[in-house]
Amino acid sequence: NAGVMQNPRHLVRRRGQEARLRCSPMKGHSHVYWYRQLPEEGLKFMVYLQKENIIDESGMPKERFSAEFPKEGPSILRIQQVVRGDSAAYFCASSLGLAETYEQYFGPGTRLTVT
Amino acid sequence: GNSVTQMEGPVTLSEEAFLTINCTYTATGYPSLFWYVQYPGEGLQLLLKATKADDKGSNKGFEATYRKETTSFHLEKGSVQVSDSAVYFCALSDPNSGGSNYKLTFGKGTLLTVNP
């Protein structure tokens, strides 16, 4: 059973471009979580999604960031008009059910560099 | 708000040495505590956890005890191996934070390198 997949692993964007990060959860998992790790900081929760629904986006920046988890296909974290401060590692996790009961399984992360 | 402070790395040890990675936390409620490990090129994996005071989590020779009086959850292993080289993250989830205890709060991570 493949683990959580994230791609690309490394992404370089110029200021003002768009970044799209993809996350394929483990097979059978319908709950997805995105975390961001800024330089010299710990991972911070961004958003929690179930299929076709955003459950909690309290950790998402108010502008330029959006996330989706469509009925078919991977979850996408989209950052519009990237700025240098968006440079970070973005981790996706998935769980079988709500993570208060089920373990979150993490992907290897996407390292975004904005030049 | 909740926060986790863990020992600054990197930590370099020789094989069979004793390991301690310190972790302390601040939380408004009664958190569950976790240690995750990230091996090179892989995702974070749950190493061990404890859900209440005085619980001891253990796995693969690693252990950590939930100390409410010192708000700590230090990771220990009696004899490390080269294969333990990885980044270790301490984390908490607060079940009293309005039902949103799926939100994990992580420390910065500690890089451990074990030399033969």
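Sequences listed follow chains U and S, in order. Under the numbering used here, think of the first position of the first sequence as 42, with each following residue one higher. Under the numbering used here, think of the first position of the second sequence as 18, with each following residue one higher. Idealized CB from N, CA, C, for every residue including glycine. Keep in mind the model is a prediction, meaning the values are calculated, not measured.
*6 Å CB neighbourhood of U:F106 in its chain, flanking five on each side removed*: For the purposes of this step, residue 106 of chain U is taken as the residue at position 65 of the first sequence. For U:F106, where only same-chain residues beyond five positions count, the Cβ hits under 6 Å are I120.
- Message: Does U:V124 pass the burial test, meaning 16 or more other C-beta atoms within 10 Å, or should it be called exposed?
- Response: Reading the first sequence from its first residue, position 83 is the one you call residue 124 of chain U. So U:V124 counts as exposed.
query: Is the CB of S:K73 under 8 Å away from at least one CB in chain U?
result: Position 56 of the second sequence, counting from 1, holds the residue named residue 73 of chain S. Output row for S:K73: interface = no.
**Message:** What does the Cβ neighbour count give for S:T127, buried or exposed, with the cut at 16 atoms within 10 Å?
**Reply:** The count along the second sequence starts at 1 and reaches residue 127 of chain S at position 110. By the 10 Å Cβ count, S:T127 comes out buried.
Item checked: Distance between beta carbons of U:R50 and U:P149, contact taken as under 8 Å -> One-based indexing of the first sequence puts residue 149 of chain U at position 108. One-based indexing of the first sequence puts residue 50 of chain U at position 9. About 7 Å; that satisfies the 8 Å criterion.
- Query: Pick from U:R152, U:Q145, U:T151, U:R61: whose alpha carbon is nearest that of U:Y74?
  - Reply: Here residue 74 of chain U is taken as the residue at index 33 of the first sequence, counted from 1. When only C-alpha atoms are compared, the closest one is U:Q145.
**Asked** How should S:V99 be labelled, buried or exposed, when 16 other C-beta atoms within 10 angstroms of its C-beta is the threshold for buried?
**Response** What you label residue 99 of chain S is simply residue 82 of the second sequence in a count that begins at 1. It is exposed - the Cβ of S:V99 has fewer than 16 other Cβ atoms within 10 Å.
Contact criterion: CB-CB distance below 8 Å. Does S:K85 meet it with respect to chain U?
By one-based count along the second sequence, residue 85 of chain S stands at place 68. Not an interface residue.
Whole-angstrom distance between U:A43 and U:Y76, CA atom to CA atom: For the purposes of this step, residue 76 of chain U is identified with residue 35 of the first sequence, where counting begins at 1. For the purposes of this step, residue 43 of chain U is identified with residue 2 of the first sequence, where counting begins at 1. Cα to Cα, the separation comes out at about 20 Å.
Cβ atoms of S:L92 and S:V21: under 8 Å apart, would you say?
Here residue 21 of chain S is taken as the residue at index 4 of the second sequence, counted from 1. Here residue 92 of chain S is taken as the residue at index 75 of the second sequence, counted from 1. No; because the gap between Cβ atoms is not below 8 Å, this pair is not in contact.
### Query
Which residue from S:Q23, S:N132, S:Y119 puts its Cα closest to that of S:T43?
The residue labelled residue 43 of chain S in the question sits at position 26 within the second sequence. The candidate whose alpha carbon is nearest that of S:T43 is S:Q23.
For this session: Taking C-beta pairs closer than 7 Å, name the residues in chain S that U:E98 reaches, listed in chain order.
Result: The count along the first sequence starts at 1 and reaches residue 98 of chain U at position 57. Per Cβ cutoff of 7 Å: no residues; U:E98 is ~12 Å from chain S at best.
Could you name the residues of the region 49-63 of chain S whose beta carbon sits closer than 7 Å to any beta carbon of chain U, in the order they occur along the chain?
G58, E59, G60, L61, L63
> U:S65 and U:M46: beta carbons closer than 8 Å?
Replying inline: Against the first sequence, residue 65 of chain U aligns to sequence position 24. Against the first sequence, residue 46 of chain U aligns to sequence position 5. Contact: yes.
Please name the residue in U:L137, U:P111, U:Q122, U:K85 whose C-alpha comes closest to that of U:R63. Taking the first residue of the first sequence as 1, we reach residue 63 of chain U at position 22. Ranking U:L137, U:P111, U:Q122, U:K85 by Cα distance to U:R63 puts U:P111 first.
Ends of the beta strand (DSSP E) at U:D97? Residue numbering aside, residue 97 of chain U sits at position 56 when the first sequence is read from its first letter. 94-97 is the span of the beta strand (DSSP E), which, as asked, contains U:D97.
Practice prompt. Can you tell me which of S:G26, S:D101, S:E25, S:Y47 puts its alpha carbon nearest to the alpha carbon of S:G78?
Written response: Here residue 78 of chain S is taken as the residue at index 61 of the second sequence, counted from 1. Answer by Cα proximity: S:D101.
*Limits of the beta strand (DSSP E) - the one that U:A130 falls within*: As a working note, residue 130 of chain U is residue 89 in the first sequence. Residues 129-136.
_Checking 8 Å against the spacing of the C-beta atoms, do U:I95 and U:R61 come in under that value?_
For this step, residue 95 of chain U is matched to residue 54 along the first sequence. For this step, residue 61 of chain U is matched to residue 20 along the first sequence. Their beta carbons are not under 8 Å apart, which means U:I95 does not touch U:R61 by this criterion.
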